[in-house]
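Trainee:
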Amino acid sequence: MATPQDPPPGRDPGLLSPAQLERLRNFKIQTRIANEKYLRTRKEVKLLLSGFFREMFLKRPDNVLEFAADYFTDPRLPNKIHMQLIKDKKVT
Numbered sequence: 008m009a010t011p012q013d014p015p016p017g018r019d020p021g022l023l024s025p026a027q028l029e030r031l032r033n034f035k036i037q038t039r040i041a042n043e044k045y046l047r048t049r050k051e052v053k054l055l056l057s058g059f060f061r062e063m064f065l066k067r068p069d070n071v072l073e074f075a076a077d078y079f080t081d082p083r084l085p086n087k088i089h090m091q092l093i094k095d096k097k098v099t
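For the sequence shown, the residue numbers in this note's numbering are 8 to 99.
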């Protein structure tokens, strides 16, 4: 005997209904919007990424993954970002 949770015969139990798909789509859109707003308000993220790309394009390393690991694990990086934030604050 089928229970209320059992999917109809021949239907994939993992298949989302049209309403669920629409809710998921809306959730993804709202999440992307919220993430973008957050990133745009975080000056340190812009500094981290622009600094990384600047160094990468200047040095053009053969092993980008190793370069990225070294760049982002540099113990001086937090202080560099902090100093840049202070410098930028003084300019404005």
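Just so you know, even glycine gets a beta-carbon here, dropped at the ideal spot from N, CA and C.
Every value quoted in this text rests on a predicted model; they were computed, and no experiment measured them.
Quick check on the DSSP output: the alpha helix (DSSP H) that includes L84 runs from which residue to which?
Mentor: Looking at the DSSP string, the run of the alpha helix (DSSP H) that includes L84 is 84-98.
Trainee: Ordered along the chain, which non-local residues of its own chain (more than five positions away) have a Cβ less than 7 Å from that of I88?
Mentor: Within the same chain, I88 has close Cβ partners E51, L54, L55.
Trainee: What are the start and end residues of the alpha helix (DSSP H) that includes D77?
Mentor: Element bounds for D77: 71-79.
Trainee: Give the DSSP-derived three-state secondary structure of G58 in the structure shown.
Mentor: In the structure shown, G58 sits in a helix (DSSP, three-state: H, G or I).
Trainee: Hey, Y45 and F59 are a contact pair by Cβ (cut 8 Å); roughly how many whole angstroms apart?
Mentor: Not quite, the Cβ-Cβ distance comes to about 19 Å (not below 8 Å), so this is no contact.
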